[in-house]
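In this note's numbering, the protein residues as written are 2 to 592. Glycine included, each C-beta is placed from N, C-alpha and C at the ideal position. It should be emphasised that the depicted structure is a prediction, and the values quoted were computed from it without experimental measurement. These notes concern the structure reproduced below.
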């Protein structure tokens with residue numbers, strides 16, 4: 002039987018109609034081990050104001066200028082501009098021979114601006130409110146209008162570098178605006194491709210692409226999120242692993258078209274906040290990227306047919322917060338290449354949370370005061386995991402992002418020991434198969450076998466202790482505890498964080514405080530009821546005296562569940578103790 006071609010398994014090239022170029026896709030390479038450079042996953046908590054920061058309000062910059070005490074956005078001329086307004090005119094010598102085009106050059110004038118998004122040094126776009134992002138967009142519109150009136154400016158490139166691995170020298174939230182008299186190379190390629198497409202098809206390239214992705218394709222495999230005005234997707238031809246685009250659904254060609262159109266501005270703020278939050282929640286880390294806006298030039302030509310406002314996000318991460326994608330070797334000398342398909346990345350980002358996640362804060366926000374349903378917890382973003390197939394059962398094992406408990410640092414023996422706790426199958430009775438090969442050396446780290454987040458491996462039991470009946474009982478007990486781990490542990494952690502945050506914030510009025518307390522008590526009741534149900538399930542597993550291994554497994558499972566009940570009870574007692582103290586403070590002595 003002839004094997005059918007599969008985009009998720011077989012190497013292929015994809016064409017980028019915007020740049021008239023190709024990208025090589027090699028999905029099978031995601032199984033390769035990584036022994037190269039690992040970046041530092043820097044989730045350091047920064048101060049809201051840094052006296053040494055050149056961008057914080059009131060501080061002095063490197064060249065001596067002093068920042069205003071701004072409260073929203075702040076724009077100033079770059080102290081180290083890449084292009085300048087005043088410089089001598091370049092007059093190339095006239096050449097008529099064949100060598101005249103080999104050493105070409107042209108002078109470039111322009112202006113470079115810096116825009117601070119916020120006076121707060123310690124936030125990112127993902128942590129800003131939509132209103133704050135809206136102020137950024139309105140500032141973009143204003144600077145676009147202002148710079149477009151200058152005769153020596155023909156193109157305005159707005160871009161943001163986020164994260165040190167993207168070359169960002171200052172963590173204060175900001176972007177740069179380079180305004181030049183020439184149209185840069187990348188926008189030029191897109192403008193030419195869109196112009197040629199329109200001349201051939203009498204329609205806009207990106208308008209047609211939106212129609213294809215949103216209407217014509219039933220499955221919509223690359224769409225991440227959308228609203229009335231904008232669409233965010235992983236383009237079919239993406240080069241960077243987690244590359245995305247935001248495209249306006251209506252045919253608008255520049256930021257100027259957003260002026261005085263509040264709905265469009267608000268929808269753009271909404272979609273920017275959602276995708277940046279989703280990025281952060283993929284690896285539960287502040288996600289580095291370069292973002293840029295492509296739009297119509299501001300020269301004297303009509304760009305109605307060759308322009309369409311869109312945003313490019315180019316993140317550098319490959320498959321974890323410490324592994325970076327490098328465009329080297331083949332990518333530099335032949336053509337770009339990627340491992341993860343656009344469809345796989347879109348699925349990950351689609352399932353990622355669209356709001357700021359609690360891991361970002363040392364003092365977490367209280368956004369989880371409502372009882373959390375089973376369904377909502379299933380929908381939350383998980384840490385990197387692998388899936389172990391054991392018969393009809395699927396075991397999800399979570400790993401740390403980095404360090405001793407990460408996928409790259411865990412040995413095969415350590416993995417088998419974890420599986421033993423879940424399945425009851427002894428280490429020497431486990432045969433693990435990944436990508437068709439048996440994983441044999443227990444001392445080898447999982448990354449060397451080519452395992453990566455969300456890999457799937459097969460567990461085959463070679464030998465069993467006890468009878469098949471006892472092994473079946475052990476499996477039932479293991480399934481019950483695994484269900485408790487995956488369903489309830491995230492809720493318990495969320496409950497603990499909510500209590501901690503509530504106890505540290507006592508500035509609410511009495512009605513609000515009482516409402517939050519009531520919801521927290523309801524959450525405690527819900528969790529305890531679910532754990533009691535686990536105990537009843539374990540009680541139903543009848544283990545005969547001769548099945549000592551099964552009886553031991555059940556005892557461990559019961560103790561584990563009871564410990565969880567004690568854990569949430571202790572947290573609830575902290576809430577009750579706080580209430581008693583506050584009531585005593587509020588009461589006055591009787592006369």
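Could you check what DSSP says for residue i in three-state terms: helix, strand or coil?
i, result
"residue 518", "helix"
"residue 469", "helix"
"residue 28", "helix"
"residue 195", "helix"
"residue 167", "helix"
"residue 5", "coil"
"residue 302", "coil"
"residue 311", "strand"
"residue 211", "helix"
"residue 223", "coil"
"residue 14", "strand"
"residue 571", "helix"
"residue 544", "coil"
"residue 496", "helix"
"residue 232", "strand"
"residue 319", "strand"
"residue 150", "coil"
"residue 179", "strand"
"residue 348", "helix"
"residue 612", "Here the chain has residues from 2 to 592 only, and residue 612 is not among them."
Tell me whether residue i is buried or exposed, calling it buried when 16 or more other Cβ atoms sit within 10 Å of its Cβ.
i, result
"residue 168", "exposed"
"residue 543", "exposed"
"residue 3", "exposed"
"residue 492", "buried"
"residue 214", "buried"
"residue 370", "Per-residue confidence for residue 370 stands at a pLDDT of 33, beneath the threshold of 50, marking its modelled position as unreliable; the derived number appears in the next sentence. Buried, because 16 or more other Cβ atoms sit within 10 Å of the Cβ of residue 370."
"residue 277", "buried"
"residue 326", "buried"
"residue 426", "buried"
"residue 121", "buried"
"residue 460", "buried"
"residue 282", "buried"
"residue 202", "exposed"
"residue 21", "exposed"
"residue 590", "Caution is warranted here: a pLDDT of 45 is assigned to residue 590, below 50, making its placement in the model unreliable, and no coordinate value can be reported."
"residue 223", "buried"
"residue 14", "exposed"
"residue 164", "buried"
"residue 525", "buried"
"residue 87", "exposed"
"residue 279", "buried"
Quick check: what's the CA-CA separation for residue i versus residue j?
i, j, result
"residue 140", "residue 132", "12 Å"
"residue 69", "residue 76", "10 Å"
"residue 372", "residue 235", "Low confidence applies to residue 372: its pLDDT is 33, below 50, so where it sits in the model is not reliable, and the reading given next is rough at best. Looking at the two C-alpha atoms, the distance is approximately 34 Å."
"residue 496", "residue 395", "27 Å"
"residue 176", "residue 151", "21 Å"
"residue 563", "residue 398", "22 Å"
"residue 255", "residue 311", "9 Å"
"residue 379", "residue 386", "Because residue 379 sits at a pLDDT of 34, beneath the cut-off of 50, its placement in the model cannot be relied upon, and the following sentence gives the value as read from the coordinates. Whole-angstrom Cα-Cα distance: 14 Å."
"residue 315", "residue 341", "14 Å"
"residue 129", "residue 486", "33 Å"
"residue 82", "residue 457", "50 Å"
"residue 79", "residue 220", "46 Å"
"residue 538", "residue 481", "7 Å"
"residue 295", "residue 108", "23 Å"
"residue 552", "residue 429", "21 Å"
"residue 148", "residue 16", "34 Å"
"residue 375", "residue 488", "Any reading at residue 375 must be qualified, since the residue scores a pLDDT of 29, below 50, and its modelled position is unreliable; no value is offered."
"residue 207", "residue 309", "7 Å"
"residue 90", "residue 253", "35 Å"
"residue 532", "residue 500", "19 Å"
Thinking just about the alpha-carbon of each residue, which of the options is nearest to the one in residue i?
i, options, result
"residue 245", "149, 201 and 349", "349"
"residue 307", "345, 416, 188 and 352", "188"
"residue 319", "312, 248, 25 and 240", "240"
"residue 498", "21, 568 and 343", "568"
"residue 417", "437, 476, 443 and 409", "443"
"residue 541", "66, 477 and 351", "477"
"residue 166", "469, 317, 142 and 437", "317"
"residue 547", "515, 470, 180 and 578", "470"
"residue 422", "475, 84 and 26", "475"
Please decide whether residue i counts as near chain C, where near means a Cβ-Cβ distance under 8 Å.
i, result
"residue 8", "The displayed structure is made up of one protein chain only, and chain C is not part of it."
Next item on the list: Starting from the N-terminal side, write out each stretch of the beta strand (DSSP E) that is 3 residues or longer and does not extend beyond the stretch 383 to 436.
Entry: Here the runs fully enclosed are 386 to 391, 394 to 399 and 431 to 435.
Next item on the list: List in chain order: all unbroken beta strand (DSSP E) runs of 3+ residues lying wholly within the stretch 50 to 87.
Entry: Qualifying beta strand (DSSP E) stretches, in chain order: 75 to 78.
Margin query: Quick check for students: name the residue ranges of the beta strand (DSSP E) that lie wholly in the stretch 242 to 295, counting only runs of 3 or more.
Written below: Those beta strand (DSSP E) runs which fall completely within the stretch 242 to 295 and span 3+ residues are 245 to 249 and 290 to 295.
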